[in-house]
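All remarks here apply to the structure that follows.
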Amino acid sequence: MAEINPVQETAKKKPLPLVADETPPTPLRCWTGAAISGAIATALYFLTVSIHSTFAAKPLPAGNSLAVSIGSAVRTLVLGMSCLALVTFGIAAVGLVALGIQLLFQPKQSDA
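FYI, the numbering for the sequence shown is 20 to 131, going by our numbering.
So, in structure tokens, the structure goes:
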């Protein structure tokens, strides 16, 4: 009976080539991405303000201390996740705008 060595079996298989995007970034692509990210950040801003005003208008139930603790934790987590998403998309938009400006002033590199 022939033994199958897993090391030899994997050595026989050729690794798949990694497919990478060969097109370099352009200012237009950066600014398009920044516009999309900025639009999402703007929508998240209005969502965050709406969540905050909704939570501020409805007080926590004062009957049970455990319910108050859980309610406070849930409100903090919901508002925190909304703010985290807002800041993430906002920073991405600012970074893409800055990258687009940098690409405008960067000298063209020849393909060597």
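C-beta: ideal position from N, C-alpha, C; glycine also.
Three Cβ pairs or more, each shorter than 8 Å: is that satisfied between the segment 95 to 111 and the segment 52 to 65?
yes
Tell me the residue span of the alpha helix (DSSP H) that contains T45.
Against the sequence shown, residue 45 aligns to sequence position 26. T45 -> no alpha helix (DSSP H), and no H or E assigned at all.
Assuming T45 contacts L115 (C-beta within less than 8 Å), just tell me the rounded distance between them.
Counted from its first residue, the sequence shown places residue 45 at position 26. Counted from its first residue, the sequence shown places residue 115 at position 96. That belief does not hold up - the Cβ atoms of T45 and L115 are roughly 12 Å apart, past 8 Å.
Counted within 10 angstroms of its Cβ, other Cβ atoms place S84 as buried (16 or more) or exposed:
Taking the sequence shown and counting its residues from 1, the one referred to as residue 84 is at position 65. Under this definition S84 is an exposed residue.
Whole-Å CB distance - T67 paired with L105, under 8 Å assumed
By 1-based counting over the sequence shown, the position of residue 67 is 48. By 1-based counting over the sequence shown, the position of residue 105 is 86. Sure, about 6 Å apart at Cβ, within 8 Å.
Where the alpha helix (DSSP H) through G119 begins and ends:
Counting from 1 along the sequence shown, the entry for residue 119 is found at position 100. Per DSSP, G119 belongs to the alpha helix (DSSP H) from S84 to F124.
Reference W50, options P80, A117 and Q128, closest by Cα:
Indexing the sequence shown from 1 puts residue 50 at position 31. Closest option to W50, Cα to Cα, is A117.
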